[in-house]
Structures are given as structure tokens and as C-alpha cells.
Amino acid sequence: MAGHSHSANIKFRKDRVDSARGKLFSKLAREIMSAAKEGGGDPSANLRLRYGIDRARAASMPRDNIERAVKKGCGDLDGDQFEEILYEGYGVGGVAVLLEALTDNRNRTAPELRRVFEKRGGNLAANGAVAWMFERKGLFIVEREGALGEDEMMEVVLEVDAEDLLASEPVYEIRSAPDQFHRVAKALEDKGVVFAEAKLAWIPSNTVEVADADKAASVLRLMQDLEDHDDVQAVSANYDIPDALMSEIGG
């Protein structure tokens, strides 16, 4: 009679957790390397690097790994050379997708991403196909719990000359022009605003409503598959799934 191996199940779950943690650490290390390469290895003078290190620490990434990534980015240690590439594509229903990737081999990455798109009913597109549908913005995410009320937060946003404030549950989104990202970040911090996340992001100019359950599920699976790819650092898309449908499909 076959027995139920509890220890085998524990090992399987641990292996999956370790694999997910390793993938996360790899993405965080690449972001730190890229930030250090772009703006230098001093977090006090390089906000992108500082926020990358903050995210790595929040994920319990070992200090040695963080320091090694900074040194690789600054050229103080040998390592793989990564290039930043923007990939564009479509999901089902004409949803536009923009991918920020860091890869050491573009000849590997593009075919892999093409297969991911095709698996979910979409396609990898040519350069310029969808990028025009997005705007580059500074994006600051603030947890509403324990933060200022909406009116007070709007006053702060106006005072620091940011572009916009979007209030939803459970966060505020503050947006700025990309070339004002560092200035607005410092001004907000000086006002005591604490970020859950701060980054440059691609924001869709308009959205496409996806009201069909099967198509919505396909879009969400595509987003997850793309985010899981080792070379993909960020995924932006212009879909709008109604809240009721999102709850129905468990998104």
C-alpha cells in the first residue's frame, strides 16, 4: 500500500519557496546593478539605487548579495553584462503590453517572451507598436493606513508640484514628470511622506475594458507569466477589468 509522504511534501513546498526567493533575489540584484551602473554606487546620491536596496532589504536579501550587486554595477567586480530592453506586445482583446527587461542575451530573451505571449493568445510586437500608448512617469505608492487624509495629501502633492494624486484602496498613487522624479521624491520625504514603492514607470494613456471572463482570465495569466520570466523587471499594460469581474475570476 502506497504511503503518504509528509516529508516529501514539505521538501517540495520548500523547494518551490526557495526557487521563488532565488528568482526574486536575481531580479532585485539586476535592478541594483542597473541602477548603480546608471547613477553610481552611492545610495544617498542615487535614488533609484536607494529604492532598489530598500526593496532588497525588505525581501530579506542578504547584505553580501546587495553589496556584490552594487560593485558589479559600478564595474568593481566582474560579472554578466546586462542591457535594458523595452519589449512590446499584445494580449487578447487588443490589450497593449510593455515590458522592461534586463538581459545578458537578447537572442534568448525575445524568443522566450514570444512563446509566453503566444501561449496566452497574444503576440510579441515590433518596436513602436504600443509604446506610444504609454507615458513615462515618476510613480510613488503610499499606503493609506497611517498616512494623511486625502485632502491633506492633495495639499502636499500641490505644494511639492507633483502632477497628480490618485486615491484608491488601500493606497495613494502620486505621479510626477520623469525628469522631476528625484526632486519630487525628496520634497515628499521632507514632508514626511513614506513610500511603499517609488520608481519610474510606464503609465497607459488610455485603458481597454476587458469585460469577458475568459479574456480577462487570459490577460491576468499573461501578466503573471511575464512577471515570472527571469529577464522581466516590470510589466505595464492598459487593460481595465471591472471590479465585479475581477472578484469573480479571483484576480
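Quick note on my numbering: the sequence shown kicks off at 6 and runs consecutively. Glycine residues also receive a C-beta, built at the ideal position from the N, C-alpha and C atoms.
Using DSSP's beta-bridge definition, name the partner residues of Asp169. Walking along the sequence shown from the start, residue 169 turns up at place 164. Asp169 is bridged by DSSP to Arg180.
Between which two residues does the beta strand (DSSP E) containing Ala239 stretch? By one-based count along the sequence shown, residue 239 stands at place 234. DSSP places Ala239 in the uninterrupted beta strand (DSSP E) bounded by Val237 to Ala242.
Measuring alpha carbon to alpha carbon, tell me which of Met158, Trp137, Val215 and Asp85 ends up nearest Glu148. Residue mapping note: residue 148 aligns to position 143 of the sequence shown, counting from 1. Of the candidates Met158, Trp137, Val215 and Asp85, the one whose C-alpha sits nearest the C-alpha of Glu148 is Met158.
For Arg125, does the three-state DSSP call read helix, strand or coil? For this step, residue 125 is matched to residue 120 along the sequence shown. Assigned with DSSP and collapsed to three states, Arg125 falls in coil, not helix or strand.
Determine the DSSP secondary structure at Lys196, reduced to helix, strand or coil. Your numbering for residue 196 matches position 191 in the sequence shown. The three-state secondary structure of Lys196, taken from DSSP, is coil.
Can you list, in chain order, the residues of its chain whose CB lies under 6 Å from that of Tyr56, leaving out five sequence neighbours each side? The sequence position of residue 56 within the sequence shown is 51, counting from 1. Only Ala203 meet the Cβ criterion.
Verify whether the separation of the beta carbon atoms of Val189 and Ala167 is less than 7 Å. Within the sequence shown, the letter at position 184 stands for residue 189. Within the sequence shown, the letter at position 162 stands for residue 167. Against a cut-off of 7 Å, the Cβ pair of Ala167 and Val189 comes out as a contact.
Hey, how far is the Cα of Arg18 from the Cα of Gly27? Translated into positions along the sequence shown, residue 18 becomes position 13. Translated into positions along the sequence shown, residue 27 becomes position 22. Any reading at Arg18 is ruled out, since the residue's pLDDT is 39, under 50, leaving its predicted position unreliable.
Expected contact under 8 Å - CB spacing of Leu227 and Arg125 to nearest Å: Mapped onto the sequence shown, residue 227 falls at position 222. Mapped onto the sequence shown, residue 125 falls at position 120. A Cβ-Cβ separation of about 4 Å places Leu227 in contact with Arg125 under the 8 Å criterion.
Spatial distance of Ile58 from Ala74 (CA atoms): Here residue 58 refers to the residue found at position 53 of the sequence shown. Here residue 74 refers to the residue found at position 69 of the sequence shown. Whole-angstrom Cα-Cα distance: 10 Å.
Going by the beta-carbon positions, is the gap between Leu33 and Ala63 smaller than 7 Å? Numbered from 1 along the sequence shown, position 28 holds the residue referred to as residue 33. Numbered from 1 along the sequence shown, position 58 holds the residue referred to as residue 63. No. Outside cutoff.
To the nearest angstrom, report how far apart Leu54 and Phe139 are at their CA atoms. Taking the sequence shown and counting its residues from 1, one reaches residue 54 at position 49. Taking the sequence shown and counting its residues from 1, one reaches residue 139 at position 134. Near 24 Å, if we compare the C-alpha coordinates of Phe139 and Leu54.
Starting from Ile71, trace the alpha helix (DSSP H) both ways and give me its first and last residue. Here residue 71 corresponds to residue number 66 of the sequence shown, with the count starting at 1. Segment Arg68 to Cys79, the alpha helix (DSSP H) holding Ile71.
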